[in-house]
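Visitor: The sequence shown begins at 139 in the working numbering and counts up one residue at a time. Positions of the beta carbon are idealized from the N, C-alpha and C atoms, including for glycine. Quick one: this structure, given as structure tokens, is what I'll be asking you about.
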Amino acid sequence: MHAPSAHVTPDALLAFAREAYAIRRRRDRYLPADLFGEPTWDILLDLYVATRENRPVPTTSACIGADVPPTTALRWLRILETRGLVEREEDGRDGRRTFVRLSPRGLAAMDNWLHVALVTLDHTVGSILRQATPLAEAAE
Numbered sequence: 139m140h141a142p143s144a145h146v147t148p149d150a151l152l153a154f155a156r157e158a159y160a161i162r163r164r165r166d167r168y169l170p171a172d173l174f175g176e177p178t179w180d181i182l183l184d185l186y187v188a189t190r191e192n193r194p195v196p197t198t199s200a201c202i203g204a205d206v207p208p209t210t211a212l213r214w215l216r217i218l219e220t221r222g223l224v225e226r227e228e229d230g231r232d233g234r235r236t237f238v239r240l241s242p243r244g245l246a247a248m249d250n251w252l253h254v255a256l257v258t259l260d261h262t263v264g265s266i267l268r269q270a271t272p273l274a275e276a277a278e
């Protein structure tokens with residue numbers, strides 16, 4: 139039996155952020171998408187993954203990642219920028235395009251939340267899963 143780890147690697151945080159975003163997209167297969175709406179969380183998760191992968195994110199891509207109409211996503215990007223969680227940067231090669239990224243404050247907040255969430259899940263759900271008898275063994 140493994141104890142929950144207080145030391146979580148950056149790779150684990152990145153994998154958890156990717157999966158958290160993917161889980162939100164898969165939820166639409168089972169429940170009507172219009173019941174849910176957290177474009178800011180989708181933006182933050184998407185920008186976190188991009189930051190950790192050293193990928194620039196054009197503003198239009200951040201809007202697509204929010205899975206809401208572009209005007210709604212742009213409004214939330216402005217709010218995130220006003221609150222110091224997101225920064226914009228002009229594309230040096232194309233004056234029509236801007237990039238968005240997590241600010242140092244936004245990155246730290248996401249790192250901290252992902253760490254706490256992952257350790258908590260490992261401690262609660264992980265301990266249950268480690269104690270449970272796998273379905274294949276229970277059928278024998």
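Mind checking which residues open and close the alpha helix (DSSP H) that includes phenylalanine 154?
Guide: Its alpha helix (DSSP H) spans residues 148-165.
Visitor: Quick one: grab the DSSP three-state call for leucine 127.
Guide: The shown model of the chain, from 139 to 278, leaves out residue 127, and the question about it has no answer.
Visitor: Do isoleucine 181 and alanine 200 have their beta-carbon atoms positioned less than 8 Å apart in this structure?
Guide: Yes, the pair counts as a contact, with Cβ atoms nearer than the cut-off.
Visitor: Give the list of continuous beta strand (DSSP E) stretches no shorter than 3 residues that lie fully inside the stretch 201-229.
Guide: Here the runs fully enclosed are 224-228.
Visitor: Using 10 angstroms around the beta-carbon of alanine 141, count the other beta-carbons present and answer buried if the total reaches 16, otherwise exposed.
Guide: Confidence at alanine 141 is low in this model, with a pLDDT of 44, below 50, so its placement is unreliable and no value can be given for it.
Visitor: Taking the alpha helix (DSSP H) that leucine 183 belongs to, which residues open and close that run?
Guide: 177-190 is the span of the alpha helix (DSSP H), which, as asked, contains leucine 183.
Visitor: Can you tell me whether threonine 189 is buried or exposed? The criterion is at least 16 other CB atoms within 10 Å of its CB, across all chains shown.
Guide: Buried.
Visitor: In chain order, what residues of the same chain have a beta carbon less than 8 Å from the beta carbon of glycine 222, not counting five sequence neighbours either side?
Guide: For glycine 222, where only same-chain residues beyond five positions count, the Cβ hits under 8 Å are Ser241, Arg243 and Gly244.
Visitor: Does threonine 178 get closer than 8 Å to chain B when you measure Cβ to Cβ?
Guide: The displayed structure is made up of one protein chain only, and chain B is not part of it.
Visitor: Where DSSP assigns a beta bridge to proline 170, which residues make up the other side?
Guide: DSSP lists no partner for proline 170.
Visitor: Excluding the five sequence neighbours on either side, which residues of its own chain have a C-beta within less than 7 Å of the C-beta of tryptophan 179, listed in chain order?
Guide: Cβ within range, chain order: n/a, list empty.
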